[in-house]
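Below is one structure, written out as structure tokens; the observations come after it.
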Amino acid sequence: MSYQLLAPVTFAYLGAAVIYLCYLVMKRETLGKTATALAWIIFLAHTVAIATRWLASHDLGVGHAPFSDLFESLVFFGWTLTLIYLVIEWRTGMKRLGAFAMPLAFFAMLYALKLDPTIKPLLPALKSNWLIAHVITCFLGYAAFGISFAIAVMFFMTGQQKNPNTPKALLLDDLIHQTVVLGFIMLTAGIVTGSIWANSAWGSYWSWDPKETWSLITWLFYAAMLHSRFMKGWQGKRLAVFSIVGFCVVLFTYFGVNLLLSGLHSYATG
């Protein structure tokens with residue numbers, strides 16, 4: 001994706017977030033429809049941009065999927081966030097969630113704007129289809145956790161914790177649960193495919209690399225959260241709080257580990 005295309009997509013996300021916020025406050029159906037239409041247009045443009053970058057890498061003789069560095073992963077993260085949000089809106093008709101979900105995609109893309117977009121050759125260890133499977137599943141998991149975070153913030157910002165048994169509060173509670181389950185499944189798949197990739201690249205399924213360790217911590221956190229949901233009936237405020245905390249753990253796993261700790265995943269800061 002060229003810088004010239006990245007900037008319009010990024011600020012279009014900001015525009016969609018503002019329109020969704022206006023819809024949340026003013027409750028005008030026209031605003032909701034406009035925001036949804038814009039979100040779909042942005043998503044399609046974003047999809048074309050990722051595909052174009054992939055083709056460009058082949059034209060340059062590099063020929064790899066656009067998931068190899070921090071810039072590309074942020075662009076893909078923004079795309080997966082939008083995908084999961086739009087599926088939820090399509091299924092539930094809950095346009096107000098866009099006021100909380102679209103800013104996440106905007107900030108991911110804004111961060112990407114500050115990075116070097118140059119297409120670079122892959123390190124030999126990264127030339128594997130297992131890498132593609134690993135990155136796609138991990139980021140679908142991260143995005144699902146991100147949307148569960150957005151739903152949890154909406155839960156509190158709209159005052160649902162005051163009346164947790166209303167249909168609206170129960171719907172948000174169920175959506176938090178569903179997105180966490182999706183994220184947990186995808187993260188599990190990401191850890192498994194990452195282990196297979198690590199074994200093929202470095203001869204070991206697990207090396208306690210900082211990223212691996214924090215991915216395991218993230219997995220254990222959400223496993224405990226789901227266990228509490230199933231076995232102890234956690235819902236409402238408690239589930240929302242844990243969803244918010246969990247996404248903070250995800251962000252540290254994604255950004256903090258690369259910035260503060262060195263390891264086999266250090267390439268991703270490039």
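Read the sequence shown against the UniProt record's numbering and you will find it ends at 270, with the numbers running on by one and no gaps. The C-beta atom is built at its ideal place from N, Cα and C for all residues, glycine as well. Since the structure is predicted, the reported quantities are computational estimates derived from the model, not experimental observations.
Measure the CB-CB distance between G183 and A150 and report whether it falls below 9 Å. The residue given as residue 183 occupies position 183 in the sequence shown. The residue given as residue 150 occupies position 150 in the sequence shown. Cβ atoms of G183 and A150: not closer than 9 Å.
For D209, the three-state DSSP class (helix, strand or coil): To locate residue 209, count along the sequence shown from 1; it is residue 209. Looking at D209 - three-state DSSP - the assignment turns out to be coil, as it is neither helix nor strand.
For the alpha helix (DSSP H) holding L131, just list the boundary residues, first then last. Within the sequence shown, residue 131 is the residue found at index 131, counting from 1. First-last of the alpha helix (DSSP H) with L131: 129–157.
Whole angstroms are fine: how far does the CA of A169 sit from the CA of G236? Locating residue 236 in the sequence shown gives position 236, counting from the first residue. Locating residue 169 in the sequence shown gives position 169, counting from the first residue. So the alpha carbons of these two residues sit roughly 7 Å apart.
Burial state of G78, where buried means 16 or more other Cβ atoms lie within 10 Å: Residue 78 sits at position 78 when you count from the first residue of the sequence shown. So G78 counts as buried.
F145 and F67: beta carbons closer than 9 Å? Here the question's residue 145 lines up with position 145 in the sequence shown. Here the question's residue 67 lines up with position 67 in the sequence shown. It is not a contact, given that the beta carbons lie outside the stated cut-off.
Taking C-alpha atoms, which residue in P124, I147, T253 lies nearest to E89? Here residue 89 refers to the residue found at position 89 of the sequence shown. Checked all of P124, I147, T253; the closest Cα to E89 is I147.
Grab me the residues of G270's own chain with a C-beta within less than 6 Å of its C-beta, minus the 5 sequence neighbours each way, in chain order. Within the sequence shown, the letter at position 270 stands for residue 270. Confidence at G270 is low in this model, with a pLDDT of 47, below 50, so the placement of that residue should be treated as unreliable; the coordinate-derived value is given next. The answer, listed in chain order, is D69.
In this structure, does DSSP put residue 273 in helix, strand or coil? Outside the displayed span of the chain (1 to 270) sits residue 273, for which this structure offers no information.
To which residues of the same chain is G63 closer than 7 Å at the C-beta, ignoring the five residues directly before and after it? Looking up residue 63 in the sequence shown gives position 63. Answer for G63: S57, listed in chain order.
Local conformation of R28 per DSSP, three classes: Position 28 of the sequence shown, counting from 1, holds the residue named residue 28. The answer is coil: DSSP assigns R28 none of H, G, I, E or B.
At a cut-off of 8 Å, is L170 close to the ligand NAD when judged by its beta-carbon and the heavy atoms of the ligand? As for the ligand NAD, it is missing from this structure, which has no ligand bound.
Just the C-alpha distance for A99 and T36, rounded to the nearest angstrom, thanks. Residue 99 sits at position 99 when you count from the first residue of the sequence shown. Residue 36 sits at position 36 when you count from the first residue of the sequence shown. Taking the straight line joining both Cα atoms gives about 11 Å.
Using the Cα positions of P167 and K114, report the straight-line distance between them to the nearest angstrom. The residue labelled residue 167 in the question sits at position 167 within the sequence shown. The residue labelled residue 114 in the question sits at position 114 within the sequence shown. Between P167 and K114, the C-alpha separation is close to 42 Å.
Answer yes if the segment 118–135 comes into contact with the segment 158–167, meaning at least three C-beta pairs across the two stretches below 8 Å, and no otherwise. no
If I'm right that I191 touches S207 with Cβ under 8 Å, what's the distance once you round it to whole angstroms? As a working note, residue 191 is residue 191 in the sequence shown. As a working note, residue 207 is residue 207 in the sequence shown. About 13 Å; that fails the 8 Å criterion.
With C-beta atoms as the reference, is L6 less than 9 Å away from V87? Start at 1 with the first residue of the sequence shown, and residue 6 comes out as number 6. Start at 1 with the first residue of the sequence shown, and residue 87 comes out as number 87. No; because the gap between Cβ atoms is not below 9 Å, this pair is not in contact.
Cβ-based neighbour list, Y205, same chain, cut-off 8 Å, excluding 5 preceding and 5 following: What you label residue 205 is simply residue 205 of the sequence shown in a count that begins at 1. So the qualifying residues of the chain are S195, I196, A198, N199.
So, do the segment 16–26 and the segment 44–58 have three or more beta carbon pairs nearer to each other than 8 Å? no
Check whether the Cβ atoms of Y23 and K95 sit closer than 9 Å, and answer yes or no. Locating residue 23 in the sequence shown gives position 23, where the first residue counts as 1. Locating residue 95 in the sequence shown gives position 95, where the first residue counts as 1. Yes, these two residues count as a Cβ contact at 9 Å.
Give me the Cα-Cα distance between Y267 and A112, rounded to the nearest whole angstrom. Position 267 of the sequence shown holds residue 267. Position 112 of the sequence shown holds residue 112. Interpretation of Y267 is limited by its pLDDT of 47, a score under 50 that renders its predicted location unreliable; the figure taken from the coordinates is listed afterwards. About 16 Å.
Which residues in the same chain have their Cβ closer than 8 Å to the Cβ of G246, if we skip the five residues on either side of it in sequence? Here residue 246 is taken as the residue at index 246 of the sequence shown, counted from 1. So the list reads F145, S148, F149, V180, T218, F221, Y222, M225, once near-sequence residues are dropped.
Proximity of D174 and P164 at Cβ, strictly below 9 Å: Working through the sequence shown from its first residue, we reach residue 174 at position 174. Working through the sequence shown from its first residue, we reach residue 164 at position 164. For D174 and P164, no; Cβs fall outside 9 Å.
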